[in-house]
Amino acid sequence: KVVGVSYKVVNVASEAGDASPSTPIGVNLPNSNWIRAQYGSKSVSLGNIVYAYSKAGGSGMLREFSNDEEEIAMAEKYGDAAGKMHTALHEVVGHASGKLEEGVGTPKETLKSYASTIEEGRADLVALYFMLDNKLVEYGLMESTDVGRAEYDSYIRNGMLAQLRRLEKGADIEEAHMRNRAWIAHWVVEKGGSEVIEKIEREGNIFYNIKNYEKLQGLFGELLQKVQTIKSQGDYAAAEALVEGYGVKVNQDVHQQVLDRSSKLKSPAYGGFVNPTLEAVEDKEGNITDVKVNYGMTFEEQMLFYSDKYGHLRTGLRK
Ligand SMILES: [Zn+2]
Numbered sequence: 001k002v003v004g005v006s007y008k009v010v011n012v013a014s015e016a017g018d019a020s021p022s023t024p025i026g027v028n029l030p031n032s033n034w035i036r037a038q039y040g041s042k043s044v045s046l047g048n049i050v051y052a053y054s055k056a057g058g059s060g061m062l063r064e065f066s067n068d069e070e071e072i073a074m075a076e077k078y079g080d081a082a083g084k085m086h087t088a089l090h091e092v093v094g095h096a097s098g099k100l101e102e103g104v105g106t107p108k109e110t111l112k113s114y115a116s117t118i119e120e121g122r123a124d125l126v127a128l129y130f131m132l133d134n135k136l137v138e139y140g141l142m143e144s145t146d147v148g149r150a151e152y153d154s155y156i157r158n159g160m161l162a163q164l165r166r167l168e169k170g171a172d173i174e175e176a177h178m179r180n181r182a183w184i185a186h187w188v189v190e191k192g193g194s195e196v197i198e199k200i201e202r203e204g205n206i207f208y209n210i211k212n213y214e215k216l217q218g219l220f221g222e223l224l225q226k227v228q229t230i231k232s233q234g235d236y237a238a239a240e241a242l243v244e245g246y247g248v249k250v251n252q253d254v255h256q257q258v259l260d261r262s263s264k265l266k267s268p269a270y271g272g273f274v275n276p277t278l279e280a281v282e283d284k285e286g287n288i289t290d291v292k293v294n295y296g297m298t299f300e301e302q303m304l305f306y307s308d309k310y311g312h313l314r315t316g317l318r319k
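Here the sequence shown stands for residues 1 to 319, numbered as in the working numbering.
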């Protein structure tokens, strides 16, 4: 029996708590596997946030880490569509699919600290596998499978190189999504060899060039099968081997190179958002007729305003 999955795109008016000032690009609930299996799940994509991210930061990182002009052109043409399609498939088909074997505990119980990165990686692999499928073009969801190729380029570029700029020198990769991007990218690069993804060094700088997208799709599928088995059977040892073997340790020379290459660029490693202040417009009778959206504050002013107005820890330093 197929149970419902819904996917909606909404625009965010304001965010708080864990979602502010740095925000997720979508929300998928509930987390509980048995509720998802019996009753389904709901996925919400934050449209204006996704849009803002795609317009922020410029093309500096893309230019620095792309292997050639063709890769840059593909990203410029299809990058936005590819990012959206990846997120939608990750949330809707990815997180919502797959079953645990009878009698196996929840991933939190069986895979423990690896549960989150295994689940995020599994959802990414579902998305990656389907993004080269012509069915998506037939259904009118993508213009061509080049959208998928642009996503493959971006995934490898990020997982092998670009995302390392977010780490401090000497640090391990800790965050679940960053880990899964690393273990997926490193696993397919190793298994595929230079026939699938070629490592190129020019003037001391490393680039990756995907030579066979269809074979890479096959590798994503193979890894998905492995990861689904790990989750379904609660195989802690296999999860540990995959994550620790491919997704945690960073080659120090490569890391330094990525830090050097990205330090020349103006775009920051993380994005943060300023919330607008919402002001009610009332008519003579006091009925709200409209809401004005104001962006009067800088990021710093807003943070100080929040701490002053909503900071509940009263100390001697506060007025
Ligand atoms: Zn996810």
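Every residue, glycine too, gets a C-beta built ideally from N, C-alpha and C.
Every value quoted in this text rests on a predicted model; they were computed, and no experiment measured them.
Ranked by Cα distance from T87, the options K215, S59 and P24 are led by P24.
Within the chosen limit of 7 Å, ligand 1 reaches the beta carbon of E120 through at least one heavy atom.
CA-CA distance, I156 to V9, rounds to 27 Å. In terms of Cα proximity to I210, the closest of S194, D172 and S14 is S194. Not one heavy atom of ligand 1 falls within 7 Å of the beta-carbon of H312. V92 counts as buried, since at least 16 other C-beta atoms from the protein chains shown sit within 10 angstroms of its C-beta.
For E201, the uninterrupted beta strand (DSSP E) segment begins and ends at I197 to R202. The DSSP-derived three-state label of I230 is helix.
One alpha carbon belongs to L164, the other to G140, and they sit about 35 Å apart. Looking at E301, G58, N212 and D172, the one whose alpha-carbon comes closest to that of S267 is G58. Residue pairing by DSSP places Y7 opposite S43 in a beta bridge. D124 is a Cβ neighbour of H90, given a cutoff of 8 Å. DSSP places K292 outside any alpha helix (DSSP H); the residue lies instead in the beta strand (DSSP E), whose first and last residues are I288 to N294. Between S22 and Y270, the C-beta gap is smaller than 8 Å, which places the two residues in contact. By the criterion of a C-beta distance shorter than 6 Å, S54 is surrounded in its chain by D80, once the five residues flanking it on both sides are discounted.
Distance from the CA of T229 to the CA of E120, rounded to the nearest whole angstrom, comes to 15 Å. Secondary structure of I210 (DSSP, three-state): strand. As a beta-bridge residue in DSSP terms, N28 pairs with S43. For H90, the CB falls within less than 7 Å of some heavy atom of ligand 1.
Burial state of S43 is buried, judged by a 10 Å Cβ sphere holding 16 or more other Cβ atoms. Under DSSP, L278 forms a beta bridge with V293. Check the Cα spacing between A176 and each of I118, N251 and A13: the tightest is with I118.
Contact between R261 and E71 does not hold, since their C-beta atoms are separated by about 16 Å, which reaches or exceeds 8 Å. Contact between L259 and K169 holds, with the beta-carbon distance rounding to 7 Å and staying under 8 Å. For A123, the distance from the CB to the nearest heavy atom of ligand 1 is below 7 Å. Annotated as distal: R149 and M61, with beta-carbon spacing of 8 Å or more. N205 sits in a strand when the DSSP states are folded into three classes. Annotation: the continuous alpha helix (DSSP H) that includes E190 extends over A176 to G192. Relative to ligand 1, even the nearest heavy atom lies 7 Å or more away from the CB of H255. Here V293 is exposed: its Cβ has fewer than 16 other Cβ atoms, across all protein chains shown, within 10 Å.
The residues V188, K191 and G192, in chain order, have a CB closer than 6 Å to that of L219 in the same chain once the five nearest residues on each side in sequence are set aside. About 12 Å separates the Cβ atoms of G245 and I173, ruling out a contact at the 8 Å cut-off.
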